[in-house]
Amino acid sequence: MNQGGVATTNGGSGSGSVGVRIQQSRRLPDFLQSVNLKYVKLGYHYLISNLLTLCFIPAIAALSIQVSQMNLDDLRQLWLHLQYNLVSIIICSAILVFGLTVYIMTRPRPVYLVDYSCYRPPDHLKAPYGRFLEHSRLTGDFDESSLEFQRKILERSGLGEETYVPKAMHSIPPTPSMAAAREEAEEVMFGALDTLFRNTNVSPKDIGILVVNCSLFNPTPSLSAMIVNKYKLRGNIRSFNLGGMGCSAGVIAVDLAKDLLQVHRNTYAVVVSTENITQNWYFGNNKSMLIPNCLFRVGGSAVLLSNKSNDRRRAKYKLIHVVRTHRGADDKAFRCVYQEQDDAGKTGVSLSKDLMAIAGGALKTNITTLGPLVLPISEQLLFFTTLAVKKLFNASVKPYIPDFKLAFDHFCIHAGGRAVIDELEKNLQLLPIHVEASRMTLHRFGNTSSSSIWYELAYIEAKGRIRNRNRIWQIAFGSGFKCNSAVWQALRNVKPSSNGPWEDCIDKYPVKISS
């Protein structure tokens, strides 16, 4: 889980005055002004790993062009020459067979995104500000200081009046039971999966791989087992349940599915991403643990991936890269988003005052590794020229800031909070339209954790902006601390699937969000 960089002047549970502000020390650092060379090298390591493919394909193309230009006399002369050079024929044939074999064995199988769906809760679960605050007051668990704190957080959060909280939180008093948590999980997961199977005409029996991620609700049997039971999936399905991995776990789940699709041929993989709020609402007065109550809302997604070559014709996207960064070896990063009990024994997720700085460091590492894989050569040359001058001559030259707008056409930045989106827009020098999907997703659905990047992609599709060969960058942050990126390429002009989350409201967006 992560939040929008909201700072408080009263971090305890006392009843003193409350203030909310964005502290300078908690903004994302200007990470593009300082570059760690080892992460640049890591990016180039990924690039060089595919060097054989990059060299082999042009060689084959050049040979094909040369052969196509030969006439019958040239071919006859070549045949006569080869007849008297048996050793040359054997050596050339062996090299050709070896090269083709290595290429076929080592090339990654393409992974296609056939379609995806996002769960849209029913209207009776909407939680406008007034109802949210009134219910918080009626529970009797929050003192006046905490109620005022939550009001100010909501006002500056970027959330709108139509986000959703689970049914258990609409009751007075709330009923956060295990049964209610299971009910929330079933409604979200099954709702997204029903739409996905209906839109793709894929039978649940055809699914060979299932990956489910949910950080804070991990019952027994698991969430993945609940899906297997509901849809009667086949007995040899390879199912996985990822827990405790935060808001970036959706990209991790896609990466795991991608690796499994490299091993298991001709199959489908389903990735389900969600978060469960029912049993993880905080009923105490510690300010750092109250922020998730104000930001996190009900949501979930289901994604259908395939490695079948014939699915390319109907797929929306092809997976190009996944780059993962984990800063868990650092103690501050490890504890910056931490589930624990407060002094009164009430469980919640506390958010460190260092969260924004830690997120900035993880992001710097991630994009420095990603850059060599996606940036055009012109940007890389400018970047390395200034970097070399700085390193070799110790000159006071600022490193060239690569323009990621030249690498990507669309950006899906995890809607963790308003301040995170603001700072990424500034540091990556993005235009308002590039962060529009993130802002509008935060406004309409709130922070839906790992599924937010799919609501954002659905927004861009609903606006009709995705064209053939467009590249999309999904980037998410999560506890641990992690920053993960996924890069997709559109295989056609993409239209929104039916029953999408924006289907009944896309014409109302974008809306102006007050500062």
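Numbering (our numbering), first residue to last: -8 to 506.
No residue lacks a Cβ here, since even glycine has one placed at the ideal position from N, Cα and C.
- A distance of 8 Å or more separates the beta carbons of cysteine 496 and arginine 409.
- Closest in alpha carbon position to tyrosine 329, among Asp321, Leu342, Gly336, is Leu342.
- Exposed is the label assigned to isoleucine 82, since fewer than 16 other Cβ atoms lie within 10 Å of its Cβ.
- Contact between isoleucine 349 and arginine 318 holds: their C-beta atoms lie close to 7 Å from each other, under 8 Å.
- For lysine 309, the enclosing beta strand (DSSP E) begins and ends at 308 to 317.
- Excluding five sequence positions before and after glutamate 370, the CB atoms of its chain that fall closer than 7 Å to its own CB belong to Pro393, Asp394, Leu397, given in chain order.
- Taking a 10 Å sphere around the C-beta of histidine 115, we find fewer than 16 other C-beta atoms and assign the residue as exposed.
- Secondary structure of valine 340 (DSSP, three-state): strand.
- With contacts defined as CB atoms closer than 8 Å, leucine 286 and serine 148 qualify as a contacting pair.
- Per DSSP, the continuous beta strand (DSSP E) segment holding tyrosine 329 begins and ends at 328 to 332.
- In the DSSP assignment, the residues bridged to lysine 473 are His317, Gly469.
- Going by C-alpha positions, aspartate 321 is about 14 Å away from cysteine 474.
- The C-beta of serine 137 has 16 or more other C-beta atoms within 10 Å across all chains shown, which makes the residue buried.
- Inter-residue distance for serine 443 and serine 84 is about 52 Å (C-alpha atoms, whole angstroms).
- In the structure shown, the three-state DSSP call for isoleucine 228 is coil.
- Annotation: threonine 166 is outside any alpha helix (DSSP H) and is labelled neither H nor E by DSSP.
- Scanning its chain for C-beta atoms nearer than 7 Å, with the 5 sequence neighbours on each side dropped, one finds around arginine 225 the residues Lys196, in chain order.
- Comparing alpha carbon positions, the residue from Ser440, Leu448, Asn418 closest to glutamate 427 is Leu448.
- Per the coordinates, the alpha-carbon of valine 203 lies some 44 Å from the alpha-carbon of threonine 377.
- Between alanine 176 and leucine 310, the gap from beta carbon to beta carbon reaches 8 Å or more.
- Within the stretch 97 to 181, complete beta strand (DSSP E) segments of at least 3 residues are found at 103 to 109, given in chain order.
- Using a C-beta cut-off of 8 Å, the stretch 263 to 278 makes contact with the stretch 203 to 212, since at least three inter-stretch Cβ pairs fall below that distance.
- Collapsing the DSSP output to three states places leucine 63 in a helix.
- As the crow flies, the alpha-carbon of phenylalanine 231 is around 19 Å from that of asparagine 257.
- Cβ-Cβ separation between isoleucine 228 and leucine 201: approximately 6 Å, consistent with a contact (criterion under 8 Å).
- Counting C-beta atoms within 10 angstroms of its own C-beta, proline 164 has fewer than 16 neighbours from the protein chains shown and is therefore classed as exposed.
- For valine 202, DSSP records a beta bridge to Phe231, Val262.
- A direct Cα-to-Cα measurement between leucine 366 and proline 112 gives close to 39 Å.
- The beta-carbon distance between isoleucine 451 and histidine 401, rounded to whole angstroms, is 5 Å. This is short enough to meet the 8 Å contact definition.
- Annotation: the continuous beta strand (DSSP E) that includes phenylalanine 402 extends over 401 to 404.
- In this model, leucine 71 and serine 55 are separated by some 20 Å (Cα to Cα).
- Looking at the DSSP output, valine 78 sits in no beta bridge, so it has no partner there.
- When Tyr103, Gly151, Arg100 are compared, the shortest CA-CA separation from phenylalanine 123 is found for Gly151.
- Contact check for leucine 296 against leucine 252 passes: the beta carbons are separated by less than 8 Å.
- 8 Å or more divides the Cβ of isoleucine 358 from the Cβ of arginine 430.
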